[in-house]
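Student:
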Ligand SMILES: *Cc1c(COP(=O)(O)O)cnc(C)c1O
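In the working numbering, the protein residues as written are 541 to 757.
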């Protein structure tokens with residue numbers, strides 16, 4: 541596989557679903573990947589990346605930003621409140637807004653610094669106890685709370701349970717976004733991004749299918 545292959549599969553699925561060409565963006569998830577694999581994808585011209593840990597991103601992206609223009613970096617992993625300040629300095633988009641305390645901290649830092657990354661609310665569509673995200677039943681109220689704080693919430697994000705058909709989870713996320721007037725849907729990973737596009741994804745998060753398997757050893 542690799543970048544070119546994934547991009548052409550995205551374009552093909554857009555066409556199959558009668559979506560506008562380029563309406564689905566590819567967030568390349570580079571967590572744990574060795575420097576040279578990331579560099580190769582940057583050299584190919586790709587600029588949109590995601591990381592799941594603040595510390596890890598801090599260790600590699602400032603140097604890449606010095607060498608490559610136009611990088612857009614998204615946080616796709618859980619954000620501890622005490623790392624919010626560091627996160628807003630590093631990331632252009634935070635996809636994992638999942639609780640009121642974090643919303644209030646982001647609003648306070650926005651007031652202090654005058655800016656805030658664009659935000660996605662993470663929804664725990666599978667209602668899994670070990671997984672982050674707001675429960676579907678609480679999503680409307682939480683989104684309203686964030687909007688009440690004037691936070692730039694642009695969409696929703698989900699990570700479906702591994703052992704279930706992801707399509708129903710993507711459809712649920714789409715429904716919640718639609719009734720709340722949110723235009724962006726971050727859903728779909730290496731194994732199911734085409735299913736996600738069929739259910740309305742505007743941003744897919746693909747890691748191993750671009751870079752190769754992650755080596756946690
Ligand atoms: C790791 C990760 C991905 C990418 O997973 P792959 O299966 O390697 O494509 C997508 N989203 C999140 C939130 C991740 O942590």
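Cβ atoms here follow ideal geometry from the backbone N, Cα and C, with glycine treated the same way.
(1) Please work out which residues of its chain come closer than 7 Å, Cβ to Cβ, to residue 621, disregarding the five sequence neighbours upstream and downstream, and give them in chain order.
(2) Can you tell me whether residue 577 is helix, strand or coil according to DSSP?
(3) How many whole angstroms separate the CB atoms of residue 598 and residue 581, which I take to be in contact at a CB cut-off of 8 Å?
(4) Taking the alpha carbon of residue 684 as the reference point, which residue from 752, 638, 739 and 737 has its own alpha carbon closest?
(5) In terms of residue numbering, what span does the beta strand (DSSP E) encompassing residue 682 cover?
(6) What are the complete beta strand (DSSP E) segments, minimum 3 residues, inside the region 620-669?
(7) For ligand 1, any of its heavy atoms closer than 7 Å to the Cβ of residue 825?
(8) Does any heavy atom of ligand 1 sit closer than 7 Å to the C-beta of residue 672?
(9) Please state whether the Cβ-Cβ distance between residue 742 and residue 565 is less than 8 Å.
(10) Hey, how far is the Cα of residue 722 from the Cα of residue 632?
(11) Go through its chain and collect everything with a Cβ distance to residue 649's Cβ below 8 Å, but skip five positions before and after it.
(12) For residue 718, name the three-state secondary structure that DSSP assigns.
(13) For residue 718, is the beta carbon positioned less than 7 Å from some heavy atom of ligand 1?
(14) Just the C-alpha distance for residue 701 and residue 662, rounded to the nearest angstrom, thanks.
(15) Give me the Cα-Cα distance between residue 682 and residue 753, rounded to the nearest whole angstrom.
(16) Shortest alpha-carbon distance to residue 716 belongs to which of 705, 739 and 747?
Tutor: Reading from the atomic positions:
(1) Looking up residue 621 in the chain shown gives position 81. For residue 621, where only same-chain residues beyond five positions count, the Cβ hits under 7 Å are 641, 642 and 645.
(2) Working through the chain shown from its first residue, we reach residue 577 at position 37. Three-state DSSP puts residue 577 in a helix.
(3) Your numbering for residue 598 matches position 58 in the chain shown. Your numbering for residue 581 matches position 41 in the chain shown. Not a contact, Cβ separation roughly 20 Å.
(4) Translated into the one-based positions of the chain shown, residue 684 becomes position 144. When only C-alpha atoms are compared, the closest one is 638.
(5) Within the chain shown, numbered from 1, the residue matching residue 682 stands at position 142. From DSSP, residue 682 is part of no beta strand (DSSP E) but of the alpha helix (DSSP H) over 676-688.
(6) 633-637 and 658-662
(7) Since the displayed the chain opens at 541 and closes at 757, residue 825 lies outside it and no answer follows.
(8) Here residue 672 is taken as the residue at index 132 of the chain shown, counted from 1. Incorrect: residue 672 has no Cβ contact closer than 7 Å to ligand 1.
(9) As a first step, residue 742 must be located in the chain shown, where it is residue number 202. As a first step, residue 565 must be located in the chain shown, where it is residue number 25. In this structure, residue 565 lies closer than 8 Å to residue 742 by Cβ.
(10) In the chain shown, residue 722 corresponds to position 182, counting from 1. In the chain shown, residue 632 corresponds to position 92, counting from 1. Their Cα atoms are separated by approximately 18 Å.
(11) Taking the first residue of the chain shown as 1, we reach residue 649 at position 109. Result list for residue 649: 624, 625, 628 and 656, in chain order.
(12) Looking up residue 718 in the chain shown gives position 178. Residue 718: helix per DSSP, three-state reduction.
(13) Walking along the chain shown from the start, residue 718 turns up at place 178. Result no, Cβ not under 7 Å from ligand 1.
(14) Position 161 of the chain shown, counting from 1, holds the residue named residue 701. Position 122 of the chain shown, counting from 1, holds the residue named residue 662. For residue 701 and residue 662, the distance between alpha carbons rounds to 14 Å.
(15) Stepping through the chain shown from its first residue, residue 682 is reached at position 142. Stepping through the chain shown from its first residue, residue 753 is reached at position 213. C-alpha separation (whole angstroms): 35 Å.
(16) On the chain shown, position 176 is the one that residue 716 refers to. Looking at the Cα atoms, 739 is the closest of the given residues.
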